[in-house]
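Heads up, the sequence shown is in our numbering, so the first residue is 734 and it goes up one at a time.
Here a beta-carbon is modelled for each residue, glycine too, at the ideal position from N, C-alpha and C.
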Amino acid sequence: MYLYSEDKIGFAVTLLPNGLDEFVSWCKTAESCGFNAVGIGDSQSLYREVFLACALALQNTERVKVGPRVINPVTRHPAVSASGVLTLEEMAPGRALLGIGTGDSSVHNAGVKPANMAQTKAYTSAVQDLLTKGETVYHGETARLTWGSAEIPVYIAASGPKTLELAGEVADGVIIQTGLLPEVVEDALACIRRGAERAGRDFDKIDKTWFPWVNVASSREEAIDNILHSLASGAKHLGRFTTQGKHIPENMIPMIEQVYAEYKFEQHQIPGNDNGKLVKELGLADYLADRFAIVGTPEDCARKVEEAAEAGARHFWMSVHFPDKEAFMKQWSETVMKSVN
């Protein structure tokens, strides 16, 4: 596996480059705390340019893997993305990665629509061809990358069954955003396996990492209350495209659809935002925390990690959306990570 050791429960973080000086400090802390990778969010309307931020992260660390998590087929041409991540690989051989999604706040804040499955598949294949072969046909036209080549792992972020199957079919790894409930974990793995088998690929060689929201506090209630804005993003992912086949309780589907319909992308992942307030008003917080989050006291979090690992989720790529990110990463490393390994 590219990111994780098979014999340990592994952890990576995603950071959003709100300011470059503090961002460098966060990356150094992530490495010193033992995280395997630093993913960096790409949303041009909200954060600093992702490839510049990745370069800073690589320059100021020595071990962790680094790359965009995630770009999308709508706002970046595949040749631009391939050239960007290949430059990162040249800076720090063996440490670059690339995450691809269908588009979230980056596309909505640009006034365009997310990519569909066909577009995401074509885009992923085009990036992979450009990185390894230097040439691809994309939208009927030839695109080239002439100055280098490398085997760089490409991950697909997946929040529904079709995208999970697509990741199994074409990606080196999958960032699973469907939740940590045992039945959800089992179904996600089955979807990835179907895609891999359809393409004649080895399921066991696909890097599988789960995307939980996390928080450590003196109580579970306090921990949940501090990440309502992130839980709202989870509800929004459940409401995208369709709510069918996503293991959502029938009585909650109208509320999930309401969160998606009213979601304010200009406030995406901002603590205390209107999205989080809506989740609380609708009474969705506990369900979303149970499904998507690892929250509570350090003991609560360690127990949830172990339960998820027993269900088949052993690797976790967490987003860190707290004012004091370094304090959180240190606490998580010193308590939860030590407890489960």
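Counting the other CB atoms within 10 Å of its CB gives S966 a total of 16 or more, which places it among the buried residues. The beta-bridge partner set that DSSP reports for S1052 consists of T747 and W946.
The continuous stretches of alpha helix (DSSP H) do not include A770, which lies in the beta strand (DSSP E) extending over residues A770 to I773. Membership of K798 in the beta strand (DSSP E) is indicated by the continuous run K798 to P801. Collapsing the DSSP output to three states places E983 in a helix. The residues V907, in chain order, have a CB closer than 6 Å to that of K941 in the same chain once the five nearest residues on each side in sequence are set aside. Per the C-alpha coordinates, the member of P811, Q910 and F768 positioned closest to S1066 is F768. Distance between Y871 and V860, taken at the CA atoms: about 10 Å. Distance between G1016 and R926, taken at the CA atoms: about 34 Å. Between F784 and G817 the beta-carbon gap is near 4 Å, inside 8 Å, which marks them as a contact.
The C-beta distance from A1026 to P915 rounds to 15 Å, too long to meet the 8 Å contact threshold. Boundaries cannot be given for I804, as no alpha helix (DSSP H) includes it and DSSP labels it neither H nor E. Here the C-alpha atom of A904 lies approximately 10 Å from the C-alpha atom of L831. Note on geometry: alpha-carbon atoms of M850 and Y737 lie some 27 Å from one another. Taking C-alpha positions only, V807 is separated from P826 by approximately 28 Å.
Annotation: the stretch 811-849 contains the following complete segments of the alpha helix (DSSP H) (minimum length 4 residues), in chain order: 811-824 and 838-841. When DSSP states are grouped into helix, strand and coil, T857 belongs to the helix group.
Within the same chain, P1004 come within 8 Å of P1056 by CB-CB distance, once the 5 residues on both sides are set aside. For I885, no beta strand (DSSP E) run applies, since DSSP gives it neither H nor E.
For T1030, DSSP assigns no beta-bridge partner whatsoever. Every unbroken stretch of the alpha helix (DSSP H) spanning 4 or more residues and falling wholly within the stretch 910-984 is given here in chain order: 915-931, 953-958 and 961-972.
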